[in-house]
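Residues 6 to 255 (this note's numbering) are what the sequence shown spells out, left to right. Glycine included, each C-beta is placed from N, C-alpha and C at the ideal position. Below is one structure; the comments refer to it alone.
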Amino acid sequence: LRIENVTGDLLLSYRDITYMTSLASNTAYFKEYAYKTSIKNIEFVNYVDVTNAVKTYDLSESGDNSVVGWLIKNDDSTYNLYVGSVYDIYTKTLENAFSYMSGLEYINFENLNTSESTSFSYTFYQTMVTNLDLSTFNTSSATTMTNMFAGMTNLQTLDVSNFNTSNVQTMWSMFGSLSSLTELDISSFNTARVNNMAYMFSGMTNLKTLKLGARFNTSSVTTMENMFTGLRSLQSIDVSMFDTTNVKTT
């Protein structure tokens with residue numbers, strides 16, 4: 006929307022926003038497993054163009070097609086998924102959004118606003134990408150990151166330095182079985198509200214370096230069950246600052 010005065014001077018300009026539905030609960034998208042496992046690339050875009058689409062989905066929370074998903078078939082019989090809108094796309098949850106996408110190679114999140122998303126549980130569970138660019142992710146509203154990256158056995162690098170975890174309460178198996186990662190830096194994490202760290206790093210068999218920061222606060226944690234199980238390559242870790250006063254299971 007543009008509002009101008011009589012001489013054409015811009016007085017006000019803004020883009021409306023729209024909300025994307027939970028991809029996990031959208032029956033057409035989530036349950037068509039044959040398509041889901043064949044998706045190669047995903048892009049969030051600021052337009053809608055369903056020309057040559059083999060499948061389209063209404064992915065708007067309001068059911069008015071203000072957010073549209075469409076599949077374009079590639080020459081190798083894989084698919085590209087585009088999620089687009091002429092409005093700014095917001096989401097309230099990314100729970101299970103990209104889980105089990107075994108053929109996925111690339112995701113572009115540039116036009117997705119995650120600032121109101123409260124759940125990132127299982128977001129990338131057993132997704133087989135080798136790299137993720139999460140630089141545009143806003144996790145300031147997140148309360149749960151259970152299994153967020155778990156089972157991503159092909160993931161080579163992971164940069165979560167921009168994550169705001171100040172409201173997160175559970176990180177159960179957040180990095181579980183990331184068996185290809187050799188280093189993980191979560192020194193920027195604020196875990197003051199986290200009560201569950203069970204299996205948080207379990208199965209990271211090739212991890213050599215794990216960086217925890219001064220704000221890795223464990224005073225609210227009640228369970229650390231198998232938190233470091235299977236870290237057979239880890240060279241050293243300093244947990245001297247851990248407050249285990251409230252921990253009941255380890």
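Checklist line | Span separating the alpha-carbon of S238 from that of T255 | finding: Each residue's alpha carbon lies about 21 angstroms from the other.
Next item on the list: Report the rounded CA-to-CA distance for N70 versus Y62, giving the unit in angstroms.
Entry: Whole-angstrom Cα-Cα distance: 8 angstroms.
Next item on the list: Quick one: measure Cβ to Cβ for Y24 and K78, integer angstroms, because I've assumed they're closer than 8 angstroms.
Entry: That pair is no contact at about 28 angstroms.
Item checked: Burial state of M246 (16 or more Cβ within 10 Å) -> Within a 10 Å sphere around the beta-carbon of M246 sit fewer than 16 other beta-carbons, which makes this residue exposed.
Notebook entry, point to check: Quick one: Cα of L139 to Cα of L99, how far?
Noted result: Taken atom to atom, the span from the alpha-carbon of L139 to that of L99 is near 13 angstroms.
Next item on the list: Might you give, ordered along the chain, the residues of its own chain that have their beta carbon closer than 6 angstroms to the beta carbon of V50, omitting 5 neighbours on each side?
Entry: If we look at V50 and ignore the five residues flanking it on each side, its Cβ neighbours are Y87, G89 and N116.
Item checked: Buried/exposed call for S120, threshold 16 Cβ in 10 Å -> S120 sits exposed, since fewer than 16 C-beta atoms from the chains shown fall within 10 Å of its C-beta.
Notebook entry, point to check: Could you give the C-beta distance for T234 and S207, rounded to a whole number, given that I count them as a contact under 8 angstroms?
Noted result: Between S207 and T234 the Cβ distance is about 4 angstroms, and since that is below 8 angstroms, they are a contact.
Next item on the list: Taking all protein chains shown into account, decide if T56 is buried (16 or more other Cβ within 10 angstroms of its Cβ) or exposed.
Entry: T56 is exposed by the Cβ-count criterion.
Next item on the list: Go through its chain and collect everything with a Cβ distance to T42's Cβ below 8 angstroms, but skip five positions before and after it.
Entry: Its chain contains Y105, M106, S107 and G108 as the residues whose beta carbon lies nearer than 8 angstroms to that of T42, once the 5 sequence neighbours on both sides are disregarded; these appear in chain order.
Checklist line | Among N195, M232, S65 and M176, nearest to M153 - alpha-carbon criterion | finding: Here the closest residue by C-alpha is M176.
Next item on the list: Indicate whether N4 and N46 have their beta-carbon atoms separated by less than 8 angstroms.
Entry: There is simply no residue 4 to check, as the chain begins at 6 and stops at 255 in what is shown.
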